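Remarks on the structure that follows.
In mature numbering (1 follows the signal peptide of the UniProt record, and there is no 0), the protein residues as written are -24 to -1, 1 to 123.
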């Protein structure tokens, strides 16, 4: 008789627990009682996420060096040189310049030789030094140092 009473008690507790679980699951996260309030998402969480993303973008942008958007006119006297940083663009407008380093002639679709070709856009593949053989005028976009 005792086993029968224990079995009934265990079944009753199990049914009660299942009923409570079913009730809780059916009423949790409804339209009237959502898991997370929309106002919390819009007013608290979204601004936090946006500010975090903006901070990450600003941090990443610090490592990017910005070149100039337009060409700078650089005049070199005979024997004077200019050092271009990687990615700098140059166009020889007058004179003659010898190239030390590797440049791509974008206009001709080739590598530059020992000298720049007049009115051809050239791209520095690394640090490149240009030495003027005569008075020269260059258009440069990107990092450069005259010296």
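Where is the CB? At the ideal position from N, CA and C, for every residue including glycine. In this text the structure is predicted, and so the values were computed from the model without any measurement.
query	result
Sort out for me which residues DSSP pairs residue 95 with in a bridge.	Answer is none; residue 95 lacks a bridge partner.
Leaving out five residues before and five after residue 131 in sequence, what residues of the same chain have Cβ atoms less than 7 Å from its Cβ?	The structure shown does not extend to residue 131, since the chain is modelled only from -24 through 123, so no value can be given for it.
Within this structure, are the beta carbons of residue 114 and residue 50 separated by less than 7 Å?	yes
Let me know if residue 65 comes out buried or exposed under the rule of 16 or more other beta-carbons within 10 Å of its beta-carbon.	buried
For the segment 21 to 62, which segments carrying the beta strand (DSSP E) assignment without a break, of at least 3 residues, lie completely within its bounds, in sequence order?	48 to 52, 57 to 60
Take the Cβ of residue 84 as the centre, count every other Cβ of all protein chains shown within 10 Å, and call the residue buried at 16 or more, exposed below.	exposed
Could you give the DSSP three-state label for residue -1: helix, strand or coil?	helix
Helix, strand or coil for residue 82 per DSSP?	coil
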